[in-house]
Amino acid sequence: MSTTAKQKTEGVTNVKFYRNIGIIAHVDAGKTTTTERVLYFTGKKHKLGEVHYGEAEMDFMQQEKERGITIQSAATTCFWTANGIQYRINIIDTPGHVDFTAEVERSLRVLDGAVTVFDGKMGVEPQSSKVWFQAAKYNVPRLCFINKLDAIGGDFFMSLKSIRHELDDNAVAIQLPIGSESNFKGIIDLVAMKAHMFHDEMGKDIEITEIPAENLEQAKEYREVLLDAAASIDDDLAEKFLADEEITYDELVAAIRKGVITGRMFPVLGGSALANKGVQLLLDSVALYLPAPTDIKFITGHNPYNSEEEVTRELTADQPLSALLFKIAMDPHVGSLAFCRIYSGTIQSGTYVYNSAKQIKERVGRIILMHANKREEVSTATAGDIVAVVGFKDSFTGNTICEEANPILLESIDFPDPVVQYAIEPKTKSDQEKMGEVLRKLVQEDPTFRANTDKETGQTIISGMGELHLEIKVDIMKRDYGIEVITGKPQVAYRETIENEISHREVLKKQTGGAGQFADVEIILTPQERGAGYEFIDEVKGGAVPREYIPSVDKGIQNALDSGVIGGYPVVDIKVKLVDGSYHDVDSNTDTFRIVGTRAFKEAMRKATPILLEPIMKVVVSTPPDYAGDVTGALSAKRGQIKGMTNRGKMQEITADVPISNLFGWVNDLRSMSKGKANSVMEFSHYEKVPANVVNDILAK
Ligand code: GDP
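If you're matching positions, the sequence shown starts at 16 in the working numbering and goes up one per residue.
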């Protein structure tokens with residue numbers, strides 16, 4: 016087994032001691048601060064930069080600093096010694112903003128474990144539950160870190176209760192706070208039954224003591240709950256527990272670890288990242304409880320040449336290479352960085368690898384370990400590693416990297432289609448060409464971002480997952496590439512579909528003079544449920560339409576789907592059955608059947624009660640109760656449907672489904688309505704029929 020230079024110097028050579036983790040949270044819960052403190056205490060960063068001054072190391076993109084949100088998911092490596100063993104922790108930074116759900120999903124895909132950070136003043140917030148359940152979807156084991164226990168209103172027990180109630184009742188406290196808010200001065204470790212008392216603000220002077228007498232009763236009570244949970248995971252421990260025998264520290268650690276890895280236990284910790292309290296204990300827990308790559312024994316994909324054939328790889332270095340490319344990032348100095356999670360085998364700089372999704376060879380120029388915007392070059396990387404590769408030319412997010420002789424295709428990552436778009440135009444004509452090139456790069460980086468040229472107007476149209484998503488791209492173009500653009504009005508990605516089933520016959524006949532044209536088809540259109548897409552079924556009997564022309568009919572229909580009969584929007588969720596037709600020996604050919612397919616579809620769609628569909632966003636507003644009335648009023652005026660109202664801490668939370676067309680500028684409206692005290696997150700929810708009285712307004716625009 017080969018080792019990287021980094022591993023040798025750090026003495027970490029065993030994948031068993033790797034932890035590939037992500038830190039996931041609601042915006043403002045303190046993910047950035049926690050990550051930064053982790054880097055500080057692991058010695059990767061020598062100075063503490065306050066997040067509110069925009070100095071946090073992981074947020075290296077300017078846009079993120081300004082907006083205070085983490086968009087770019089960078090990967091960074093650090094080392095931590097727990098119980099005398101050195102662990103290597105690879106942190107994949109995940110964004111906390113819902114506009115960037117795809118970023119969260121793709122990073123979750125390659126994580127072995129996660130730390131979920133909660134704002135201790137708020138308990139579970141909408142986005143924390145969203146990322147929690149996303150992580151559950153990918154079976155990512157999780158620790159819960161209740162942050163901000165130093166803040167006014169920071170409440171460990173309220174947050175614990177809300178985690179157990181709203182997320183999973185297998186969440187169990189393994190720590191308790193000593194003191195609260197400004198008097199938060201220590202943490203009880205319920206596994207070791209010791210207290211960690213903080214004597215300074217920097218987290219340097221920590222004394223490990225017996226549990227103070229006044230906290231002992233409560234500590235014993237919560238330890239019982241923990242032991243009870245651990246007993247349900249480990250039979251030997253259960254016997255001892257029932258027999259009232261002493262359970263050792265090592266036994267308890269092992270049982271918790273087993274519970275975490277199998278998704279049956281979620282240890283809950285507390286602290287304050289900002290005040291440097293509890294971060295070292297969090298790192299200990301990452302090391303002790305979150306899985307190593309080797310705890311996930313194997314990964315399954317299939318043969319790229321035969322989707323029926325399953326291919327399995329053990330996650331070891333001596334197996335053939337398999338890696339998932341989960342992110343492309345453009346670096347101003349080295350160009351395109353392809354972030355890869357290596358599942359098995361070894362990757363070496365200067366060699367060729369195989370991209371099985373695209374069936375091309377790619378050269379591994381250099382291999383880089385990323386520490387936010389600093390980097391460290393290594394010559395090889397191996398199973399369990401997360402590295403950035405320089406040199407790939409045509410590989411994209413979701414592609415599998417392997418050996419050509421031993422191909423495997425891992426399950427790709429699904430990304431939603433964009434729902435908002437606008438036209439952009441460079442301020443100076445000379446930037447036109449450069450803009451095209453930059454857009455190509457941005458599209459390559461972000462699979463939920465698109466750039467196209469409008470066929471009719473020749474305008475450049477960019478589309479993405481929300482207004483903010485597009486604004487950020489425009490910012491990047493300006494700041495990183497010096498291209499200033501004028502943006503058009505945001506446009507909604509409407510769709511068209513039908514409401515009724517219809518049968519239609521279309522004949523194309525031109526048989527006067529010269530070569531004639533003939534094609535005849537009968538099709539049945541059937542509406543499908545939302546998200547079903549397009550389906551073509553051939554039910555022609557007795558060769559009424561010859562075999563060779565059937566794909567042409569399908570092609571013709573697909574051409575028609577690009578532009579529906581209401582407003583020229585893409586047509587979705589329709590099943591088309593080709594049931595009958597006829598042909599002419601001389602005058603029929605693939606072209607005539609393609610043309611008749613297009614015409615038949617358009618005519619049939621007109622008769623099948625066509626409707627317009629619009630993207631609906633799920634909007635969650637968190638506001639002081641004083642403004643709740645105004646907020647609900649404003650949402651209703653936007654054709655919003657209020658779905659729920661709950662109290663969360665001191666805030667009122669309002670959930671509504673609102674058409675995206677009415678949400679442009681919403682963030683600013685809300686800010687002025689609430690004097691900046693309310694905030695709102697939104698994400699695409701589903702497509703819904705546009706009410707009849709609104710259709711004309713939309714078409715008139
Ligand atoms: P992110 O959006 O989840 O990355 O959150 P940040 O780390 O940017 O933190 C959001 C805000 O909460 C910032 O103003 C931080 O200074 C503050 N913050 C983070 N952690 C703590 C904490 O432990 N205690 C207190 N009182 N504030 C915190």
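All residues carry an ideal CB built from backbone N, CA and C; glycine is no exception.
Just so we're clear, the structure is a prediction, and the values are computed from it rather than from any experiment.
For residue j and residue i, believed in contact at Cβ under 8 Å, the rounded distance
| i | j | result |
| --- | --- | --- |
| P566 | D577 | Not a contact, Cβ separation roughly 18 Å. |
| I539 | K592 | 4 Å |
| E120 | H41 | Wrong, their Cβ atoms sit about 16 Å apart, outside the cutoff. |
| D446 | I498 | 5 Å |
| V404 | P505 | V404 to P505, Cβ: 36 Å. No contact. |
| V379 | I362 | 6 Å |
| E516 | P542 | 7 Å |
| R663 | G99 | In fact, because the Cβ distance is near 42 Å, the residues do not count as touching under 8 Å. |
| G596 | A652 | With a Cβ gap of about 51 Å, G596 and A652 do not count as contacting. |
| A396 | G503 | No, A396 and G503 are not in contact; Cβ-Cβ is about 44 Å, not under 8 Å. |
| D697 | L685 | Correcting the residue identity first, residue 697 is Met in this sequence and not Asp. About 11 Å; that fails the 8 Å criterion. |
| F533 | M632 | Not quite, the Cβ-Cβ distance comes to about 49 Å (not below 8 Å), so this is no contact. |
| I383 | V402 | 6 Å |
| R34 | V301 | 6 Å |
Member of the options whose CA lies at the smallest distance from the CA of residue i
| i | options | result |
| --- | --- | --- |
| L191 | A234, F160 and R157 | A234 |
| F199 | G571, Y264 and D215 | D215 |
| A623 | R654, S687 and D588 | D588 |
| I513 | L483, V580, N711 and N421 | V580 |
| K312 | S478, D127 and K219 | D127 |
| P422 | E222, Q334 and T50 | Q334 |
| L714 | M280, Y509, V555 and A693 | Y509 |
| F32 | E225, T96 and N154 | T96 |
| G479 | Y358, K488 and G473 | K488 |
| L297 | K46, G531 and Y549 | K46 |
| G531 | I477, H599 and Y564 | H599 |
| F256 | K292, D265 and A246 | A246 |
| E196 | I167, F172 and I248 | I167 |
| V710 | Q656, K665, E629 and V682 | E629 |
| M345 | E325, S177 and L457 | L457 |
| Y798 | D250, I223, A207 and A90 | Outside the displayed span of the chain (16 to 716) sits residue 798, for which this structure offers no information. |
| F148 | I203, I178 and K219 | I178 |
| G612 | I626, E325, V601 and D569 | D569 |
| R124 | P674, G659 and Y358 | Y358 |
| K12 | N29, K292 and Y702 | Residue 12 lies beyond the stretch modelled for the chain, which goes from 16 to 716, so this question has no answer here. |
Any non-hydrogen atom of the ligand GDP closer than 8 Å to residue i Cβ
| i | result |
| --- | --- |
| A150 | no |
| T91 | no |
| N98 | no |
| D409 | no |
| A129 | no |
| H41 | yes |
| T109 | no |
| T48 | yes |
| K163 | yes |
| S287 | yes |
| G201 | no |
| G406 | no |
| V132 | yes |
| G45 | yes |
| G680 | no |
| A290 | yes |
| G169 | yes |
| A166 | yes |
Residue i Cβ short of 8 Å to the ligand FMN heavy atom set
| i | result |
| --- | --- |
| D215 | No copy of the ligand FMN appears in this structure; the ligands present are the ligand GDP. |
With three or more beta-carbon pairs closer than 8 Å as the criterion, would you say the segment 604-615 touches the segment 94-110? no
Three-pair Cβ contact test at 8 Å for the segment 260-280 versus the segment 305-317: yes
Quick check: the segment 512-526 against the segment 466-476, are there 3 or more CB pairs under 8 Å? no
Would you check if there are 3 or more beta carbon pairs closer than 8 Å linking the segment 404-411 to the segment 372-380? yes
Using 8 Å as the Cβ pair cut-off and three pairs as the minimum, do the segment 669-689 and the segment 637-648 touch? yes
Contact the segment 327-344 vs the segment 357-370: 3+ CB pairs below 8 Å: yes
Could you check whether the segment 643-655 touches the segment 553-560, counting it as contact only if at least three pairs of C-beta atoms, one from each stretch, sit closer than 8 Å? no
Given 8 Å as the limit, is there contact between the segment 324-334 and the segment 175-191, that is, 3 or more CB pairs closer than that? no
Under 8 Å: do the segment 155-175 and the segment 281-301 share three or more Cβ pairs, one atom per stretch? yes
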